[in-house]
Amino acid sequence: MSDIDTSALIPQGAAYGLLIGLSVVFCVVVLVAVKMQKKYLSEDSGKSEMFMVANRSVGRGLCASAVFSSWMWINETVLCAAMTYRYGLAVPLWWGSGLCFQIALMAALGVMAKIRVPYAHTSLEVVRMRYGKIGHLVFIVLNLVNNVFGCASMIMTGSQLIHGVSGMHYVAATILVPLGVVLYTAVGGLKATFLTDFLHTAIALILIIYFTISVLTNSAIGGLGGLYDKVTAVAADNYIPSNYQGSLLTFKSKDAIIWGLILKFGNLALVVMDTAFWQKSFATEVKATVPGYNIAALAVFGIPWGLGTVVGLATRAIHNTPIFPTYPGILTATEVSSGMVMPYTIKALIGDKGIIAFFFLLFMALTSTVSSSMIAVSSILSYDIYKTYLNPKATDKQIVGVSHLTVIIHGVFITGISIALNYGGANMTWIGYLRPIISCPGIIPMILTLFWSRQTRLAAIVSPVLGFASGLAVWLAVTHYMYGSINITTTTNPYPALYAAVTSFFTPALYSVVLSLYKPYKFDWRVFLRIELADQEEIQSPSDASTLNRSSEEDHAIDLKHPAGSVSPVVNSQPESINNDPEKITGDISEKVSTNKTSSPSSAQISLDDIRHPFDDETLKELYRWLKIAWYMFGAIVLITFVAWPLPLYRDYIFTRSFFAGWVVVAIIWQFAAFGAVVIFPLYDGRKDIVIGARGIWKSYKELFGRNKKNQTS
Numbered sequence: 001m002s003d004i005d006t007s008a009l010i011p012q013g014a015a016y017g018l019l020i021g022l023s024v025v026f027c028v029v030v031l032v033a034v035k036m037q038k039k040y041l042s043e044d045s046g047k048s049e050m051f052m053v054a055n056r057s058v059g060r061g062l063c064a065s066a067v068f069s070s071w072m073w074i075n076e077t078v079l080c081a082a083m084t085y086r087y088g089l090a091v092p093l094w095w096g097s098g099l100c101f102q103i104a105l106m107a108a109l110g111v112m113a114k115i116r117v118p119y120a121h122t123s124l125e126v127v128r129m130r131y132g133k134i135g136h137l138v139f140i141v142l143n144l145v146n147n148v149f150g151c152a153s154m155i156m157t158g159s160q161l162i163h164g165v166s167g168m169h170y171v172a173a174t175i176l177v178p179l180g181v182v183l184y185t186a187v188g189g190l191k192a193t194f195l196t197d198f199l200h201t202a203i204a205l206i207l208i209i210y211f212t213i214s215v216l217t218n219s220a221i222g223g224l225g226g227l228y229d230k231v232t233a234v235a236a237d238n239y240i241p242s243n244y245q246g247s248l249l250t251f252k253s254k255d256a257i258i259w260g261l262i263l264k265f266g267n268l269a270l271v272v273m274d275t276a277f278w279q280k281s282f283a284t285e286v287k288a289t290v291p292g293y294n295i296a297a298l299a300v301f302g303i304p305w306g307l308g309t310v311v312g313l314a315t316r317a318i319h320n321t322p323i324f325p326t327y328p329g330i331l332t333a334t335e336v337s338s339g340m341v342m343p344y345t346i347k348a349l350i351g352d353k354g355i356i357a358f359f360f361l362l363f364m365a366l367t368s369t370v371s372s373s374m375i376a377v378s379s380i381l382s383y384d385i386y387k388t389y390l391n392p393k394a395t396d397k398q399i400v401g402v403s404h405l406t407v408i409i410h411g412v413f414i415t416g417i418s419i420a421l422n423y424g425g426a427n428m429t430w431i432g433y434l435r436p437i438i439s440c441p442g443i444i445p446m447i448l449t450l451f452w453s454r455q456t457r458l459a460a461i462v463s464p465v466l467g468f469a470s471g472l473a474v475w476l477a478v479t480h481y482m483y484g485s486i487n488i489t490t491t492t493n494p495y496p497a498l499y500a501a502v503t504s505f506f507t508p509a510l511y512s513v514v515l516s517l518y519k520p521y522k523f524d525w526r527v528f529l530r531i532e533l534a535d536q537e538e539i540q541s542p543s544d545a546s547t548l549n550r551s552s553e554e555d556h557a558i559d560l561k562h563p564a565g566s567v568s569p570v571v572n573s574q575p576e577s578i579n580n581d582p583e584k585i586t587g588d589i590s591e592k593v594s595t596n597k598t599s600s601p602s603s604a605q606i607s608l609d610d611i612r613h614p615f616d617d618e619t620l621k622e623l624y625r626w627l628k629i630a631w632y633m634f635g636a637i638v639l640i641t642f643v644a645w646p647l648p649l650y651r652d653y654i655f656t657r658s659f660f661a662g663w664v665v666v667a668i669i670w671q672f673a674a675f676g677a678v679v680i681f682p683l684y685d686g687r688k689d690i691v692i693g694a695r696g697i698w699k700s701y702k703e704l705f706g707r708n709k710k711n712q713t714s
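Here the UniProt record's numbering is used: the first residue of the sequence shown is 1, the next is one more, and so on.
In structure tokens form, the structure reads like this:
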């Protein structure tokens, strides 16, 4: 178990009250939201399409907010401050660049998935259609390991922080963190996590901005100039061997760049190999995927940059002063690795109210991670395992029931894994080094599944397994060679982890190409069009058509081009036959219901030559345009954040006072811009649904009030 020697910063009772109280509040919020969705917006989480992919109706703003929330792990706040304390101000920028490019890449992958597999529910469903049962099972294991390990590591990290802040036992914290999330996720499904993600994002960003400005303007720090002067004054006591002149205020830091590279590999795996990010792209509207993901990519860059810089350097300025909680003791390496830098500094500079606010931030970061992981894993277990292998004829109701059950099972399982990691002595730094080795091997084979028709079944199955074995062997061999033994301490070193991450990421590409050329085969992309909606037998009923009348003309066009209930493979149908007259929508839908129930053949029985893409030519043209935009955005983000911005700063240079002030000001401005992008914009983007819901609530209230008043008078 990680050993953090600290007295509680807040009472245990307060910690228990906060954890349980916040869980209850979020459960109530989700229950109300789900009821409103069903009653006023005709969005029923009892349907598998809504539970797993939110009826593919999520707009740009909510998509950006949800992706941002899913990617705003504890690492971006707590661990970034700790690593900035350790290596200096180069860390936050490398951290930011290690967060945004994966999301930009996922935008391109999401659009290609819509083109290739328009009605997929999980990324694993795509793998099964292409590589069969064995390939499917291999990637199920890879995805489950990635999801479970990533989620459990975050819960473990959170429990260590809660223990350090309040003295609450690790086991109690580990059980309480996922408990509330299990309840609201099981009830609400993916759309519920989108809604709670928005609340998480709004609250967390407000707190992040509050912490950044409060720490910076505290009298013990003295603002931008005061922070620079204090860090400079204690430079001799804070010498960093791998930095230029040992300074915390230089961008030339070998350890920082190595950490940044390891982070990039690990984070790339956490996105591409996490079915939660694929599901969010499946859940979005055609026009929402690229804008939503890229808004989130740009917004998330500012979180580690501003907060990490200010809190990490402020800790260096005050950690040997009487106001610091550990004084006259030192801030130990164990405490730094466990993320205690940020809570100690907040306690010293903001006080008890700051620690309460930190607890809120911790809860938001933890639950957003856990909720998306639970939906992803429940979709894998219910759709890719239960419906595929255990009960192929499962009804929509059965799939949703299994999804609810698997959310609970997953919650129990990751709790056990988190407790085991705690008692095994792991901390967030060690987890950060291990994660790329486990998660990276499947990245390139997964991407090639959508982009390279010549990757064979053998290559897709064998290459990730060989890649993992190669990465693990390099990690252990280099660790033993450099440090003489293999244990938690020696493996918590950057160089072996970097070499292993590079091996795990790149060798599967080599293995895949070689094995594919050994027995060449070209895949027919039309096979993907055989994936159908999970609830195609329950196509949107005429009663639901009334909800379309609330949409704008643009929304009408989108819904009619690719309605959520249509069968994916279209046989002998013309796009021009789609009726755009709102007065005839109900009749058209009724006709589709009767036609599909009586005469539509199973997609598996349709010849590939007879299969047409469910999207019309105009929609496909629009998707390819978005794909091009997504690749341009990805290239620009990589070029700017990997090369054009950081590399000119990697030289024999220590930030001047004025340059440092400008650096921090821009970072803080970026935080406010992020708030506008993922909190304000979603409200504007979803204003129509908000108005519809508000009118429905007001109407229900008036009816209830009028009924009560009538009963009283009678």
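In this text, a Cβ means the ideal position worked out from N, Cα and C, and glycines have one as well. Fair warning: this is a prediction, and the values are worked out from it, not measured in the lab.
My parser needs the alpha helix (DSSP H) runs of 4 or more residues fully inside the segment 263 to 335; what are they?
Secondary structure in the segment 263 to 335: the alpha helix (DSSP H) runs of 4 residues or longer, each lying completely within the stretch, are 275 to 283, 289 to 303, 309 to 318 in chain order.
Do three or more CB pairs link the segment 196 to 205 to the segment 354 to 371 at distances below 8 Å?
In the pairwise beta carbon analysis, the segment 196 to 205 is classified as touching the segment 354 to 371: at least three pairs are separated by under 8 Å.
Using a Cβ-Cβ cutoff of less than 7 Å, which residues in the same chain neighbour F360 once the five nearest sequence positions on both sides are dropped?
Only I203, L207 meet the Cβ criterion.
Between S97 and F642, what straight-line distance do the alpha-carbon atoms span, to the nearest angstrom?
Cα atoms of S97 and F642: separation of roughly 7 Å, rounded to the nearest angstrom.
Would you check if the segment 476 to 487 and the segment 410 to 420 touch, i.e. whether three or more CB-CB distances between them fall below 8 Å?
As far as the Cβ criterion goes, the segment 410 to 420 does not touch the segment 476 to 487, which means the pair count is below three.
Are the CB atoms of F660 and I209 within a distance shorter than 8 Å?
Inclusion of I209 and F660 in the CB contact set at 8 Å is not warranted, their separation being larger than that value.
I need the DSSP call for S253, collapsed to helix, strand or coil.
Strand.
If you count every other CB in all the chains shown that lies within 10 Å of the CB of K387, and 16 or more means buried, which is it?
Its Cβ being crowded by 16 or more others within 10 Å, K387 is buried.
Can you say whether W663 is buried or exposed, counting buried as having 16 or more other CB atoms within 10 angstroms of its CB?
Under this definition W663 is a buried residue.
Tell me whether L421 counts as near the ligand GDP, meaning its Cβ is closer than 7 Å to at least one heavy atom of that ligand.
Among the components of this structure there are no ligands whatsoever, and the ligand GDP is therefore not found.
Do you know offhand how far G442's Cα is from L79's?
G442 and L79: Cα-Cα distance of roughly 26 Å.
Cβ-Cβ separation, L390 to L458 (assumed contact under 8 Å), whole Å
Contact between L458 and L390 fails: their C-beta atoms lie close to 27 Å from each other, not under 8 Å.
What does N243 pair with, by DSSP beta-bridge criteria?
As DSSP reads the structure, N243 sits in a beta bridge with S253.
In the DSSP assignment, the alpha helix (DSSP H) including L149 goes from what residue to what residue?
One detail in the question is off: residue 149 reads as Phe in this sequence, not Leu. Element bounds for F149: 123 to 166.
Could you check the C-alpha separation between A269 and R116 for me, to the nearest Å?
Approximately 22 Å between the Cα atoms of the pair.
For A469, which option in Y495, S439, D610 has the closest C-alpha, if you only look at C-alpha atoms?
The residue with the shortest Cα to Cα distance from A469 is S439.
Environment of V32 [buried if 16+ CB atoms lie within 10 Å]:
That one is exposed.
Using only the alpha-carbon positions, how far apart do M168 and F358 sit?
Their Cα atoms are separated by approximately 15 Å.
Candidates R612, M154, L623: closest to F363 by CA position:
Looking at the Cα atoms, M154 is the closest of the given residues.
DSSP beta-bridge partners of I654
According to DSSP, residue pairing for I654 in a beta bridge involves T250.
May I ask you to report which of helix, strand or coil DSSP gives Q102?
Three-state result, Q102: helix.
I believe R130 touches T449 by the beta-carbon criterion, under 8 Å. Please report the beta-carbon distance rounded to the nearest angstrom.
With 8 Å as the limit, R130 and T449 qualify as a contact, their Cβ atoms being about 6 Å apart.
Simplified DSSP assignment, three categories, for Q455
Reduced to three states, the DSSP call for Q455 is coil.
Applying the criterion that 16 or more other CB atoms from any shown protein chain within 10 Å of the CB defines a buried residue, is Y383 buried or exposed?
It is buried - the Cβ of Y383 has at least 16 other Cβ atoms within 10 Å.
Take K522 and list the residues in its own chain whose beta-carbon comes closer than 8 Å to its own, dropping the five residues that flank it on each side.
Closer than 8 Å at Cβ, skipping near neighbours: S453, R454.
P304 CB to nearest chain D CB: under 8 Å?
Within the model displayed, chain D is absent; a lone protein chain is all it includes.
Touching or not, the segment 234 to 252 and the segment 75 to 91, by the rule of three or more beta carbon pairs under 8 Å?
Contact between the segment 234 to 252 and the segment 75 to 91 is present, because at least three Cβ pairs lie under 8 Å.
Roughly how many angstroms lie between the CA atoms of A473 and G432, to the nearest whole one?
When only Cα atoms are considered, A473 and G432 end up about 18 Å apart.
What residue from Y423, K280, S338, V638 has the CA that sits closest to T492's CA?
Shortest Cα-Cα distance from T492 to any of Y423, K280, S338, V638 involves S338.
Can you look up W71 in the DSSP assignment and give me helix, strand or coil?
Here DSSP, grouped into helix, strand and coil, assigns W71 to helix.
Specify the secondary structure class of K387 as computed by DSSP and reduced to three states.
When secondary structure is reduced to three states using DSSP, K387 falls in the helix class.
If you run the structure through DSSP and keep just helix, strand and coil, what is G432?
Note: G432 maps to helix in three-state DSSP.
Can you tell me which of the three DSSP states S219 falls into?
Of the three classes helix, strand and coil, the one that applies to S219 here is coil, per DSSP.
Whole angstroms are fine: how far does the CA of V24 sit from the CA of I103?
Cα to Cα, I103 sits roughly 31 Å from V24.
Per DSSP, what kind of secondary structure is N427 in: helix, strand or coil?
In the displayed model, N427 falls within coil according to three-state DSSP, outside both helix and strand.
Enumerate in chain order the residues of its own chain whose CB-to-CB distance from V665 is below 8 Å, with the five nearest sequence positions on each side excluded.
The beta carbon of V665 sits closer than 8 Å to the beta carbons of L224 from its chain, once the five residues preceding and following it are set aside; these are given in chain order.
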